[in-house]
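Notes to accompany the following structure.
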């Protein structure tokens, strides 16, 4: 089982959902971690049914993202992906509001093993 990590910050950008010929869907987004002296823009991705979770937030929202690290070897190169599977909108004081509902086909991070590249 892969370890889950959390990131809190401000949603900066949400990209369009991409669908690959295999039917696999992926949607990337950027969260700015602003706790640090030097803010960091972190790109994450949601896959399959979780892509719809990003329709419920907008740039500027404070969010908490739970994600796992995913890695692949493709054509002799190694790739690392931060694959999000839970998204919560935070109140301005940092407390969690209602969790954003999970999609009907619940996603567990260990269920995904997609070698269909590019990501």
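Residue numbers (the working numbering): 1 to 119.
Using N, Cα and C, we set each Cβ at its ideal position, and we do this for glycine too.
task: For residue 46, count neighbouring Cβ atoms within 10 angstroms of its own Cβ and tell me buried if that reaches 16, exposed if not.
output: buried
field: Sequence-distant residues of the same chain with beta carbon closer than 7 angstroms to residue 15, five excluded per side
entry: 27, 28 and 29
query: Do residue 59 and residue 88 have their C-beta atoms closer together than 8 angstroms?
result: no
message: Assuming residue 9 is part of the beta strand (DSSP E), what are its boundary residues?
response: 4 to 14
query: Should residue 9 be labelled buried (16 or more other beta-carbon atoms within 10 Å of its own) or exposed?
result: buried
- request: Measure how close the beta-carbons of residue 69 and residue 80 come, nearest whole angstrom, since I'm counting them as under 8 angstroms.
  value: 7 angstroms
message: Let me check understanding here. Comparing Cα to Cα, which of 67, 55, 50 and 18 lies closest to residue 5?
response: 67
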